[in-house]
Amino acid sequence: MMLSPFFMQTYLWKYGWIEPVRWDSLPFRGVASRSKENPVNADISSLLSEGEPLSSIQDIPKHPDPTLNPRFIAALKRFQEANRLRVTGMLDDATRDAMNAPRCGVPDRKIPEVEKSEEVNPTESGISTSDPQHSDPAQITTTVPSITSASQRIRRELMEKKKSSQPQVGSNLGLGRHVRKKRGEPLKAGNKKGIFSKMTIKWRLLGEGYSVWLNIDQQRSILMRAFRIWSEVVPLNFEEDVTSPAHLIDIKLGFGTGRHLGCSQLFDGMGREFAHAWRLGDIHFDDDEHFVPPNSEQGISLLKVAVHEIGHVLGLSHMNEMTSVMQPNYIPANSRMELDRTDRKAIQRIYGRCSGRFSTVFDWVHRDHSASGNWVFQTYFFRKSWYWMYENRSNRTRYRDPRVLANGWRGIPTSDIDAFVHIWTREEDLTLFFKGSQYWRYDNENDRAYLQDSEGHIYPRLISEGFPGISGPIDTAFYDRKERNVFFFRGQNVTAFSVDNHMVVPGYPKAIIDVFPACVDGDHPLGDLDAVYYSFAHQSIFFFKGINVWRMVGDRGRQDNLPHNSLLPRIPINEQWLDICDVHPSMLTAPRR
Ligand SMILES: [Zn+2]
Ligand SMILES: [Zn+2]
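The sequence shown maps to residues 1 to 593 in the UniProt record's numbering.
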């Protein structure tokens, strides 16, 4: 497509390359007043109507040839530099291509959200009276914007047809077409810095804003996946809510074309802009784009776009790292849609890192299911009724974790496992899970708990039967391969059970702090442990309690004259193992391990 210098000028204005745009407060707090104060900061698309020549747009300095305007050239250079183009200050082909690429509608350079919200006046409607579409504030909440063009009418009919053949969600809730927040509405769920200050955030795909490209279930499940991707790296939960009154929904999502969903911004038809979003606000997708499910060869991946736009709602701006989901241009989706390190760091700077206590932690050692049959291990973290697999090599959890315990570990209790023990000697290879006063033996080969093993034992079995002298419940346990003892922890005590002698080691139980003393006085978990775990990756034993972990001094540590079996000072679990995050229960996926 041939792009005119005027188009390029518009592009540079619109996306903030000439002047940063006041975007986040713009659509919600009134366009006109803002644009009078500071006309250059108004998003010019709000002043545009279809087909109008660009030179008629008010507020844009009129220059007969923008390519001669020094501000334009400076802006163009900024754009070229950020996009890793040759910095020529001229409209070369590479620059034209970059400006013609599909992209997000949110400006690249924004004026940061003001921290104070005193200018928000609860009696004002926020709807500009100079905006002919919205001259009557009362009308906004109830009326459907007039649909003029034939193509829009056809689309609408197509949508009606689709809707009538599918169950509708949220469409009978009296939402009307109102999406835009009113000026007087407080920053819902947000604090002064414009970030969500609560942990559970409700979202809804608007019944009046479905896409024509995907069925409704597809749309909802893709959006759910997009929210989940963020939920997996920060302590935020996203809950789809199709029943609460509209004002209780934090993020409303919808598809539309041209003038859409009561929004102050126009979409631009097919190509270029595919969506826009506001901090703490709503997300609109340009349904003139061909949205497709992940892994489609053609079209625009809704998942990829949704992840990006949710990033804006959560408070992120565009980033120019090519691997970041927050870079403004659409790069065709690869199959592994993930947040990179930049994204994770950026969002965690706002919302912090996940932390929380675990039910049990262990390395699962088993023979590889492949032909080689090698011994392999994987690290698992259990919390309540779900679990994560941790990839030690890349220091992160597996993509799309946590998962439901009942689906990944068949035949053991579906929640709150107390302990995992792997007794591993020349003669024995027992993988055991403990809960309450019972334990289960796991069949690694068939990946499920035994009902009865080859020795005729029926499971679950009483702990006191398999381990005379030990009675449940226990807090946790671990197997020490060197001494061939199982250590059972309960309260402030620990009991060693000799696997060879099949009895409690004389002298036990003892106080945990006597057997595993503190390296630094006063820095010790004392008792009521959550998990004790030997890590093959770290070749160390870790004691978990609450959100902290104590590492036991290994053979190497003893050279520093640290007491044998002593515990090094605590560190937060989330500094040792990154991003083990809960997701809202409604989002727990259930694929098999
Ligand atoms: Zn964006
Ligand atoms: Zn919109």
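Just so it is clear, CB atoms sit at the ideal spot from N, CA and C, and this is done for glycine as well. Note that the coordinates shown come from a computational prediction; the quantities given were computed from them, not determined experimentally.
When DSSP labels each residue in this structure, what does residue i get in the three-state scheme?
{"i": "Glu118", "result": "Caution is warranted here: a pLDDT of 34 is assigned to Glu118, below 50, making its placement in the model unreliable, and no coordinate value can be reported."}
{"i": "Ile547", "result": "coil"}
{"i": "Met552", "result": "strand"}
{"i": "residue 682", "result": "Outside the displayed span of the chain (1 to 593) sits residue 682, for which this structure offers no information."}
{"i": "Arg272", "result": "coil"}
{"i": "Met326", "result": "coil"}
{"i": "Val307", "result": "helix"}
{"i": "Gln452", "result": "strand"}
{"i": "Gln168", "result": "Any reading at Gln168 needs caution, since the residue's pLDDT is 39, under 50, leaving its predicted position unreliable; the model's value is listed next. The answer is coil: DSSP assigns Gln168 none of H, G, I, E or B."}
{"i": "Val515", "result": "helix"}
{"i": "Arg204", "result": "strand"}
{"i": "Phe79", "result": "helix"}
{"i": "Lys163", "result": "Because Lys163 sits at a pLDDT of 46, beneath the cut-off of 50, its placement in the model cannot be relied upon, and the point is left open."}
{"i": "Val100", "result": "Checking the sequence shown, residue 100 turns out to be Asn, not Val. Residue state, collapsed to three classes: helix."}
{"i": "His369", "result": "coil"}
{"i": "Ile73", "result": "helix"}
{"i": "Gly408", "result": "helix"}
{"i": "Phe7", "result": "helix"}
{"i": "Arg109", "result": "coil"}
{"i": "Gly281", "result": "coil"}
{"i": "Val313", "result": "helix"}
{"i": "Gly209", "result": "helix"}
How many whole angstroms separate the CB atoms of residue i and residue j, which I take to be in contact at a CB cut-off of 8 Å?
{"i": "Pro5", "j": "Asp65", "result": "7 Å"}
{"i": "Asp582", "j": "Gly356", "result": "7 Å"}
{"i": "Arg22", "j": "Ile111", "result": "4 Å"}
{"i": "Lys435", "j": "Pro413", "result": "5 Å"}
{"i": "Phe489", "j": "Asp475", "result": "5 Å"}
{"i": "Phe544", "j": "Phe358", "result": "6 Å"}
{"i": "Ile316", "j": "Ala277", "result": "It is worth fixing the name first, because residue 316 is Leu in this sequence and not Ile. Their Cβ separation, rounded to whole angstroms, is 10 Å, which puts Leu316 and Ala277 out of contact at 8 Å."}
{"i": "Gly491", "j": "Asp530", "result": "The Cβ separation is near 13 Å, so there is no contact."}
{"i": "Ile251", "j": "Asp282", "result": "6 Å"}
{"i": "Tyr459", "j": "Leu451", "result": "6 Å"}
{"i": "Leu223", "j": "Ala98", "result": "Contact flag wrong, Cβ pair sits at about 29 Å."}
{"i": "Leu405", "j": "Tyr387", "result": "5 Å"}
{"i": "Ala275", "j": "Gly105", "result": "6 Å"}
Could you tell me whether any non-hydrogen atom of ligand 2 is closer than 8 Å to the CB of residue i?
{"i": "Phe478", "result": "no"}
{"i": "Cys104", "result": "no"}
{"i": "His284", "result": "yes"}
{"i": "Gly527", "result": "no"}
{"i": "Ile265", "result": "The question names Ile, but residue 265 in the sequence shown is Gln. True, at least one ligand heavy atom lies under 8 Å from that Cβ."}
{"i": "Leu253", "result": "no"}
{"i": "Leu205", "result": "no"}
{"i": "Gly256", "result": "yes"}
{"i": "Leu568", "result": "no"}
{"i": "Leu261", "result": "yes"}
Per DSSP, residue i forms a beta bridge with which residues?
{"i": "Gln438", "result": "Lys435 and Leu462"}
{"i": "residue 608", "result": "Any property of residue 608 remains undetermined from this structure, which presents the chain solely from 1 to 593."}
{"i": "Phe542", "result": "Tyr533 and Arg551"}
{"i": "Leu430", "result": "Ile423"}
{"i": "Trp364", "result": "Gln378"}
{"i": "residue 628", "result": "One cannot answer for residue 628 here, as it falls past the ends of the chain, which runs 1 to 593."}
{"i": "Thr243", "result": "Paired residues: none, contrary to the question."}
{"i": "Ile571", "result": "Val549"}
{"i": "residue 595", "result": "The structure shown does not extend to residue 595, since the chain is modelled only from 1 through 593, so no value can be given for it."}
{"i": "Ser259", "result": "Per the sequence shown, residue 259 should be read as Arg rather than Ser. Leu266."}
{"i": "Arg481", "result": "Its beta-bridge partners do not exist; DSSP assigns none."}
{"i": "Lys510", "result": "Val494"}
{"i": "Arg341", "result": "None; Arg341 has no bridge partner."}
{"i": "Asp443", "result": "Arg448"}
Say the cut is 8 Å; is the CB of residue i nearer than that to a heavy atom of ligand 1?
{"i": "Met552", "result": "no"}
{"i": "Pro328", "result": "yes"}
{"i": "Glu19", "result": "no"}
{"i": "Ala94", "result": "no"}
{"i": "Ala277", "result": "yes"}
{"i": "Glu309", "result": "yes"}
{"i": "residue 611", "result": "Outside the modelled stretch of the chain, which goes from 1 to 593, sits residue 611, for which no answer is possible."}
{"i": "His318", "result": "yes"}
* Inter-stretch contact at 8 Å, needing at least 3 Cβ pairs: the region 301-310 / the region 224-235 -> Segments in contact, yes.
Decide if the region 493-511 is in contact with the region 320-331; the criterion is three or more beta carbon pairs, one per stretch, under 8 Å apart. no
(message) Check whether the region 546-555 and the region 565-578 touch, using three or more Cβ-Cβ pairs below 8 Å as the test.
(response) yes
ask   = Three or more beta-carbon pairs under 8 Å between the region 255-271 and the region 233-244, yes or no?
value = No, the region 255-271 is not in contact with the region 233-244.
Original post:
Quick one: any contact between the region 240-248 and the region 197-211, if contact means 3 or more CB pairs under 8 Å?
Top reply: yes
Are the region 362-380 and the region 340-354 touching, with three or more C-beta to C-beta distances below 8 Å? no
Indicate whether the contact test is met: 3 or more Cβ pairs, each with one atom in the region 415-422 and one in the region 389-397, closer than 8 Å.
These segments do not touch.
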